[in-house]
Structure formats: C-alpha cells, structure tokens
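Below: one structure, written as structure tokens.
Protein chains: 2
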Amino acid sequence: MGEGTKNVVLLDFWPSSFGMRQRIALALKGIEYEAREENLFDKSTLLLEMNSVHKKILVLIHNGNSICESLIILEYIDQVWHDKYPLFPSHPYERSQAGFWADYIDKKIYSTGRKVWSGKGEDQEKAKKEFIEIFKTLEGELGDKTYFGGDNLGFVDLALTCANFSIEAECPKLVAWAKRCMQIESVSNSLPHPHNIYAYVLELKHKLGLA
Amino acid sequence: MGEGTKNVVLLDFWPSSFGMRQRIALALKGIEYEAREENLFDKSTLLLEMNSVHKKILVLIHNGNSICESLIILEYIDQVWHDKYPLFPSHPYERSQAGFWADYIDKKIYSTGRKVWSGKGEDQEKAKKEFIEIFKTLEGELGDKTYFGGDNLGFVDLALTCANFSIEAECPKLVAWAKRCMQIESVSNSLPHPHNIYAYVLELKHKLGLA
Chain L
1 MGEGTKNVVL LDFWPSSFGM RQRIALALKG IEYEAREENL FDKSTLLLEM
51 NSVHKKILVL IHNGNSICES LIILEYIDQV WHDKYPLFPS HPYERSQAGF
101 WADYIDKKIY STGRKVWSGK GEDQEKAKKE FIEIFKTLEG ELGDKTYFGG
151 DNLGFVDLAL TCANFSIEAE CPKLVAWAKR CMQIESVSNS LPHPHNIYAY
201 VLELKHKLGL A
Chain Z
1 MGEGTKNVVL LDFWPSSFGM RQRIALALKG IEYEAREENL FDKSTLLLEM
51 NSVHKKILVL IHNGNSICES LIILEYIDQV WHDKYPLFPS HPYERSQAGF
101 WADYIDKKIY STGRKVWSGK GEDQEKAKKE FIEIFKTLEG ELGDKTYFGG
151 DNLGFVDLAL TCANFSIEAE CPKLVAWAKR CMQIESVSNS LPHPHNIYAY
201 VLELKHKLGL A
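In order, the protein sequence lines correspond to chains L and Z.
Position 21 of the first sequence, counted from 1, bears residue number 21 in the numbering used here, the numbering being contiguous throughout.
Position 195 of the second sequence, counted from 1, bears residue number 195 in the numbering used here, the numbering being contiguous throughout.
Structure (structure tokens):
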C-alpha cells in the first residue's frame with residue numbers, strides 16, 4: 001500500500017498492558033512514530049478529542065485520523081502496513097480463528113484476573129482455578145506451534161503478550177512461548193521493565209492512599 | 001472469491017438477538033444455508049463439539065470448519081462472500097471505525113441493558129440514563145446518513161439491528177433508522193416476530209419458576 005510511516009502518533013501510557021501490543025506491532029513493522037505519554041490523572045486535550053467516546057488510551061493517530069481500542073488499532077496497523085510482517089493469516093477461516101482467540105483473551109483474562117486480584121477467600125480460590133483453566137485452554141490452542149501465529153508472531157501472540165503470568169507448573173508450553181517471545185527484540189524492547197512496573201504500582205497505591 | 005454457498009450451517013436459536021445479525025448478513029448476500037435450531041437447555045453434541053471453548057450459539061459451520069462469536073462470524077461471511085453486498089468499507093480507516101462502533105455496541109448496550117432490566121431503584125434509574133446516553137452517542141454517529149454504513153447496510157447496522165429499543169423522544173433519528181432497516185426484506189424476514197418473543201419470555205419465566 002502507498003501509505004507512509006509519517007504522521008503516526010501513539011497516545012500511550014508506559015505501564016499499559018494494552019499499549020505493549022501496539023508498540024510491538026509498530027516495532028515489528030519498522031514504523032516510525034511519536035509516542036506521547038499520557039497522564040491518566042490529567043488527560044490531555046488531544047486524548048479527550050481523539051477518543052471522545054471512551055476518553056481513554058490507547059489512541060493511534062495516523063494522518064490526523066484517530067483509531068481507538070487496542071485490537072482494532074492492531075488490525076488497522078496490519079492493514080495499512082501489510083507488506084512487512086503481516087499479523088493476520090490471509091485465509092478467511094484462519095483469520096477468523098485469530099480473531100476468536102484474541103477476543104477470548106480480552107474477554108476472559110482481564111475479567112477473571114480482576115477477580116483473582118480483588119477477590120477474597122473462596123471467591124478468590126474459584127477465580128484462580130478459572131484463571132488456570134483459561135491458560136490451559138490457550139496452551140491447548142498453542143499446541144506444538146512456535147507461536148500462535150505459526151512460525152512468526154501473529155495477532156494472537158500480540159494480544160497475549162500483555163498478560164504477565166507465572167503458571168510454569170500448569171502450562172509449561174505457554175511459559176516456553178512467553179520466553180521465545182521475549183527473545184524477539186521488537187517484543188522485549190516494547191515491554192516496560194518489571195522493576196519499573198513494581199515501582200509504579202507502589203506509587204499508585206500511595207497516591208490512592210492504600211500504602 | 002471461489003467459495004461456494006454449499007455446506008453452510010448456522011447453529012442458531014430463534015429469539016437470539018445475536019443470531020439476527022448472521023441471518024440478515026446471509027440473506028443480504030443471498031447465501032443458502034441450513035439453520036439448525038438449538039435447545040439451550042439441552043445443547044446438541046454438534047454445538048458442544050463445534051464451539052468447545054464457549055459451548056454456546058452462534059456457530060457458523062462452513063465446509064466443516066466452525067466459526068464462533070457473532071461479530072467474528074459477520075467478518076468471516078463478509079470476507080468469504082465479498083462480492084455481493086459488502087458489509088465493510090474497503091479503506092482501512094473507515095473499516096476501523098466500523099469495528100469501533102460494533103465493539104461499542106457489544107460492550108455498552110448489553111451490560112447497561114442488563115442493569116436496566118435487573119436493577120432496582122436508584123441503580124436502575126442511573127442505568128436508564130446511561131442507556132439513553134449510549135443511544136444518543138450512536139445517534140450522533142449516525143448523523144444524517146441513511147444507514148451507519150452510508151447508502152447501504154453495513155457492519156454497524158447489523159451489529160445494532162439486534163437491539164430493540166423505544167427511545168423515540170430522545171433519539172428520533174435512530175428510530176427512523178430502525179424503521180428504514182425494517183423496510184429491507186433481508187432484515188424484516190430475519191427477525192423473529194415480537195409476539196413470538198413475548199410468548200417465549202413468558203414460557204422462559206414459567207420454566208424458571210418466575211411466573
């Protein structure tokens with residue numbers, strides 16, 4: 001396609017697990033862009049204008065047009081800059097399966113994850129079990145493939161990279177997959193350092209009066 | 001594309017508001033298919049096999065492959081049978097906007113709708129206000145277009161057709177849109193009759209011991 005890589009701006013927030021997807025995709029495709037860090041406690045006028053419906057990150061601004069919602073931005077990036085490192089398979093059925101698993105990740109991991117973090121007692125135990133089941137299902141889908149996308153990273157890999165997990169005992173293949181992903185420079189360079197995330201969580205707790 | 005229209009099966013449930021989307025899309029594109037009615041209280045082995053992850057309708061089976069999740073099925077149908085009545089605009093930006101609004105409908109209408117039906121007192125009042133705001137936002141996006149898709153029905157129109165609403169006073173343009181949609185035979189023939197829905201709700205309440 002004739003689209004250039006100029007005029008690409010990402011309204012981002014470095015600890016965002018959704019932002020990682022976009023950063024990795026842009027890196028894999030070698031697209032130059034300007035990352036503008038948002039302060040979620042004092043959002044910029046640009047963010048409020050560019051995502052007037054949800055008023056939240058992430059937003060990709062390309063040639064003045066804004067594209068919102070993490071998975072939709074990934075699809076857009078893949079369509080506009082398709083030639084280098086395609087993220088979707090070209091066959092409609094394979095494509096639908098990639099869409100299905102990315103949707104599964106978004107629907108299941110975050111809601112169940114929240115229950116694990118915020119739940120107590122029996123509810124928390126139940127949520128933990130659900131959480132493990134979700135990852136086992138994903139491990140089943142990964143099977144013996146190198147990546148969910150096959151030999152290369154694809155849409156599902158990018159959707160899942162954001163999820164930090166310590167499930168080595170239950171899902172060894174999935175943990176091996178995460179390690180493989182981290183060996184790809186476009187991935188490891190796009191992820192914030194765990195120490196920084198930890199410091200940020202402490203700061204946030206302090207800000208919210210929880211620590 | 002060289003794909004035929006044979007071997008298309010839809011595992012459906014007639015009152016399903018999600019199923020309407022598929023039925024309309026298949027009708028618009030003139031695709032012959034076999035609709036198999038599922039009993040949600042006693043799901044078929046075929047359904048449990050074909051959607052082993054979520055174990056629920058809707059499922060499109062095409063040449064033995066199963067595609068699940070309402071919006072993903074719509075995308076698949078549009079990709080395989082693209083020539084007749086395309087549902088997506090061809091430009092990536094316009095396409096991303098259609099994806100954004102369909103996602104908005106799925107995320108907002110059903111969760112808020114549930115709060116309206118199941119909430120009480122102040123919570124219900126709050127949910128009702130939210131509900132109206134959602135439709136006003138959609139009315140803003142519709143603007144003066146005939147359909148969300150422009151001169152023809154598109155992805156967003158099909159995503160929204162499923163929502164029954166009586167919001168004439170607040171959103172006259174949206175109500176006029178719904179009426180326009182109903183004048184299209186592929187739409188009106190794909191929707192269950194309100195009387196049947198009413199009878200079904202009564203039956204369901206009875207089954208669940210609520211009436």
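Every residue, glycine too, gets a C-beta built ideally from N, C-alpha and C.
CA-to-CA distance, residue j to residue i, given in whole angstroms
{"i": "residue 25 of chain Z", "j": "residue 41 of chain Z", "result": "27 Å"}
{"i": "residue 111 of chain L", "j": "residue 105 of chain L", "result": "10 Å"}
{"i": "residue 109 of chain L", "j": "residue 182 of chain L", "result": "20 Å"}
{"i": "residue 124 of chain L", "j": "residue 62 of chain Z", "result": "40 Å"}
{"i": "residue 185 of chain Z", "j": "residue 201 of chain L", "result": "55 Å"}
{"i": "residue 195 of chain L", "j": "residue 80 of chain Z", "result": "47 Å"}
{"i": "residue 127 of chain Z", "j": "residue 85 of chain L", "result": "44 Å"}
{"i": "residue 102 of chain L", "j": "residue 167 of chain Z", "result": "34 Å"}
{"i": "residue 135 of chain L", "j": "residue 174 of chain L", "result": "8 Å"}
{"i": "residue 180 of chain Z", "j": "residue 119 of chain L", "result": "47 Å"}
{"i": "residue 8 of chain L", "j": "residue 23 of chain L", "result": "12 Å"}
{"i": "residue 54 of chain L", "j": "residue 67 of chain L", "result": "12 Å"}
{"i": "residue 2 of chain L", "j": "residue 77 of chain L", "result": "Because residue 2 of chain L sits at a pLDDT of 43, beneath the cut-off of 50, its placement in the model cannot be relied upon, and the following sentence gives the value as read from the coordinates. Whole-angstrom Cα-Cα distance: 13 Å."}
{"i": "residue 157 of chain L", "j": "residue 193 of chain Z", "result": "43 Å"}
{"i": "residue 191 of chain Z", "j": "residue 197 of chain Z", "result": "10 Å"}
When the options are compared against residue i, the one with the closest alpha-carbon
{"i": "residue 56 of chain L", "options": "L/119, L/198, L/16", "result": "L/16"}
{"i": "residue 177 of chain L", "options": "L/160, L/191, L/190, L/103", "result": "L/160"}
{"i": "residue 75 of chain L", "options": "L/172, L/87, L/66", "result": "L/87"}
{"i": "residue 43 of chain L", "options": "L/143, L/27, L/152, L/11", "result": "L/11"}
{"i": "residue 170 of chain Z", "options": "Z/139, Z/191, Z/21, Z/155", "result": "Z/139"}
{"i": "residue 60 of chain L", "options": "L/97, L/197, L/21, L/136", "result": "L/21"}
{"i": "residue 98 of chain L", "options": "L/148, L/172, L/32, L/203", "result": "L/148"}
Cβ-based burial, residue i [other Cβ within 10 Å; buried from 16]
{"i": "residue 117 of chain Z", "result": "exposed"}
{"i": "residue 122 of chain L", "result": "exposed"}
{"i": "residue 199 of chain L", "result": "exposed"}
{"i": "residue 49 of chain L", "result": "exposed"}
{"i": "residue 83 of chain L", "result": "exposed"}
{"i": "residue 29 of chain Z", "result": "buried"}
{"i": "residue 38 of chain L", "result": "buried"}
{"i": "residue 100 of chain L", "result": "buried"}
{"i": "residue 92 of chain L", "result": "buried"}
{"i": "residue 143 of chain L", "result": "exposed"}
{"i": "residue 188 of chain Z", "result": "exposed"}
{"i": "residue 34 of chain L", "result": "exposed"}
{"i": "residue 90 of chain Z", "result": "exposed"}
{"i": "residue 208 of chain L", "result": "exposed"}
{"i": "residue 69 of chain L", "result": "buried"}
{"i": "residue 51 of chain L", "result": "buried"}
{"i": "residue 150 of chain Z", "result": "exposed"}
{"i": "residue 64 of chain L", "result": "exposed"}
Three-state secondary structure assigned by DSSP to residue i
{"i": "residue 53 of chain L", "result": "coil"}
{"i": "residue 93 of chain Z", "result": "helix"}
{"i": "residue 150 of chain L", "result": "strand"}
{"i": "residue 118 of chain Z", "result": "helix"}
{"i": "residue 60 of chain Z", "result": "strand"}
{"i": "residue 32 of chain Z", "result": "coil"}
{"i": "residue 190 of chain L", "result": "coil"}
{"i": "residue 12 of chain Z", "result": "strand"}
{"i": "residue 68 of chain L", "result": "strand"}
8 Å Cβ cutoff, residue i in contact with chain L
{"i": "residue 123 of chain Z", "result": "no"}
{"i": "residue 185 of chain Z", "result": "no"}
{"i": "residue 67 of chain Z", "result": "yes"}
{"i": "residue 75 of chain Z", "result": "yes"}
{"i": "residue 53 of chain Z", "result": "yes"}
{"i": "residue 17 of chain Z", "result": "no"}
{"i": "residue 96 of chain Z", "result": "yes"}
{"i": "residue 112 of chain Z", "result": "no"}
8 Å Cβ cutoff, residue i in contact with chain Z
{"i": "residue 89 of chain L", "result": "no"}
{"i": "residue 93 of chain L", "result": "yes"}
{"i": "residue 72 of chain L", "result": "yes"}
{"i": "residue 12 of chain L", "result": "no"}
{"i": "residue 103 of chain L", "result": "yes"}
{"i": "residue 79 of chain L", "result": "yes"}
{"i": "residue 99 of chain L", "result": "yes"}
{"i": "residue 146 of chain L", "result": "no"}
{"i": "residue 137 of chain L", "result": "yes"}
C-beta neighbour in chain C for residue i, strict 8 Å
{"i": "residue 161 of chain L", "result": "Although the question refers to chain C, the structure presented lacks it and instead comprises the protein chains L and Z."}
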